[in-house]
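K.L.:
Have a look at this one.
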Amino acid sequence: MRLYCQPKIDMKTGRISGAEALVRWAHPRLGVITPVHFIKLAEQSGIITRVTNWMLNATMGYLRGWQESGHTGKLALNLSAHDIRSPAMAQRIEDQLDAWGVRPELIQFELTESALIEDPDAALAALSRIKACGADVFIDDYGTGYSSLSYLQRFPIDGIKIDQSFISPMLDDPDSAVIVRSTIELGHALGSQVVAEGVENVRVWQQLTEHGCDQAQGYLISMPMPIEELARWQSRGERVVEPGIAAA
Ligand code: C2E
Ligand code: MG
Ligand code: MG
Ligand code: MG
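In full-length UniProt numbering, the protein residues as written are 1 to 248.
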C-alpha cells in the first residue's frame with residue numbers, strides 16, 4: 001500500500017487547507033494501481049478493514065509530524081460502508097488518536113451517501129462516536145447515491161463534497177450548473193462546508209467561486225501525489241490558484 005494525497009484549496013484565500021488521503025496499491029508487476037480497481041473487491045472480501053487500518057496508521061504518522069512542525073493542514077480519510085458498520089472502527093480511531101497524540105481536529109472522515117444509507121442506525125452510532133472524538137465528517141460523492149435529504153438532517157455532518165460528475169459538465173450543461181449552485185446554497189443553509197471535487201479548469205473554479213463554494217480539489221490544482229511530495233509541492237507553491245483569479 002502507498003499513501004497518496006491530493007491537496008484541497010480554500011477558495012477564499014487560494015491557499016491549501018489540507019489534503020485527501022488516497023490509497024494506492026504498489027503491485028510488484030503491474031505498478032501503481034488506483035483504488036477504483038480494488039476497493040470494491042476489498043469491501044466484498046472484508047479486506048477493506050485492513051486497508052483502512054493501514055491508511056489510518058499511515059495518516060496518523062503524517063499528522064503527528066505535521067503537528068510537530070506547526071502545520072495546521074487537515075488530512076481526510078475515506079471510510080467504506082464496511083468500516084461504518086463496525087463498532088470496532090470508531091474504537092480504533094479513538095485509540096489511534098490517543099496513541100499518536102494527534103489533535104482530532106486535524107483529521108476528517110469522508111463517507112459516501114450509500115455507506116450511510118446501507119445501515120443508517122449503525123452509521124449514526126459510528127458517526128456520533130467519531131464526532132465525539134472531535135474529528136469532522138464529510139459526505140463524499142454527494143449527489144450520486146440515494147440523495148435522500150433526510151440524512152443531511154439526521155446525520156451530524158460538517159460538510160459535503162459535490163461529486164465530480166456534477167462539477168465537470170457544469171460549464172456546458174445548465175442542469176449540472178443549477179444542481180451545483182443549489183447544492184452549495186443548501187449546504188450553507190444547513191451550516192455545512194461545501195467542497196467541489198474534480199475541478200479541472202479555471203472557468204469551473206471561477207463559477208464555483210461566484211457561487212460561494214468553500215473548497216476545491218482537482219487536477220487544476222494537482223493530481224494525487226505520494227504524500228512525501230506534499231511538503232515540497234506546497235513550499236514551491238506550484239499551481240496553487242491565486243485568490244484573485246475569480247476576478248480575472
Ligand atoms: P473519492 O474519495 O471521490 O476521491 C477522489 C477521486 O477523484 C480520486 O481518485 C482522485 O484521484 C480523483 N480526482 C481528483 N481530482 C480529479 C479531477 O480533477 N478529475 C478527475 N477525473 N478525477 C479526479 P482515486 O484516488 O482513484 O480514488 C477513487 C476512489 O477510491 C475515491 O473516490 C474513494 O472513494 C476510493 N478510495 C481512495 N482511497 C481510499 C481509501 O483509503 N479507503 C477507501 N475506503 N476508499 C478509498
Ligand atoms: Mg473521498
Ligand atoms: Mg469524493
Ligand atoms: Mg468521487
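Ideal Cβ placement from N, Cα and C applies to all residues, glycine included.
Report, in whole angstroms, the separation of the C-beta atoms of D163 and T144, which I expect to be a contact under 8 Å.
P.N.:
Indeed, because the Cβ distance is near 5 Å, the residues count as touching under 8 Å.
K.L.:
Under a three-way DSSP split, which group does S148 fall into?
P.N.:
Residue state, collapsed to three classes: coil.
K.L.:
Could you give the distance in angstroms between the alpha-carbon of A81 and the alpha-carbon of A122?
P.N.:
The straight-line gap from Cα to Cα measures roughly 10 Å.
K.L.:
Comparing alpha-carbon positions, which option in L208, Q217, D175 and L149 lies nearest L186?
P.N.:
Closest option to L186, Cα to Cα, is L149.
K.L.:
Let me check understanding here. Comparing Cα to Cα, which of A125, R92 and I117 lies closest to I139?
P.N.:
For I139, the nearest C-alpha among the options comes from I117.
K.L.:
To the nearest angstrom, report how far apart A135 and E229 are at their CA atoms.
P.N.:
Each residue's Cα considered, the two are about 25 Å apart.
K.L.:
In or out: Q91 buried (at least 16 other Cβ within 10 Å) or exposed?
P.N.:
Exposed: under 16 other Cβ atoms inside 10 Å.
K.L.:
Anything with a beta carbon under 7 Å from a heavy atom of ligand 2 counts; list them all in chain order.
P.N.:
Here the residues come out as E20, A76, N78, E110, D140 and K161.
K.L.:
Which one of V195, L152, A189 and R154 has the shortest CA to CA distance from F166?
P.N.:
Looking at the Cα atoms, V195 is the closest of the given residues.
K.L.:
Using 10 angstroms around the beta-carbon of V178, count the other beta-carbons present and answer buried if the total reaches 16, otherwise exposed.
P.N.:
With fewer than 16 Cβ atoms within 10 Å of its Cβ, V178 is classed as exposed.
K.L.:
What residues in its chain sit with their C-beta under 7 Å from that of Y62, if we drop five residues either side in the sequence?
P.N.:
Once the five neighbours on either side are set aside, the close Cβ partners of Y62 are L75 and I227.
K.L.:
Assuming A115 contacts L79 (C-beta within less than 8 Å), just tell me the rounded distance between them.
P.N.:
So it is a contact: roughly 7 Å between Cβ atoms.
K.L.:
According to DSSP, simplified to helix, strand and coil, what is M225?
P.N.:
Three-state DSSP puts M225 in a strand.
K.L.:
Thinking just about the alpha-carbon of each residue, which of A132, E105, M1 and Y219 is nearest to the one in H71?
P.N.:
Nearest C-alpha to H71: E105.
K.L.:
Does any heavy atom of ligand 1 sit closer than 7 Å to the C-beta of G61?
P.N.:
No, Cβ of G61 sits at least 7 Å from all heavy atoms of ligand 1.
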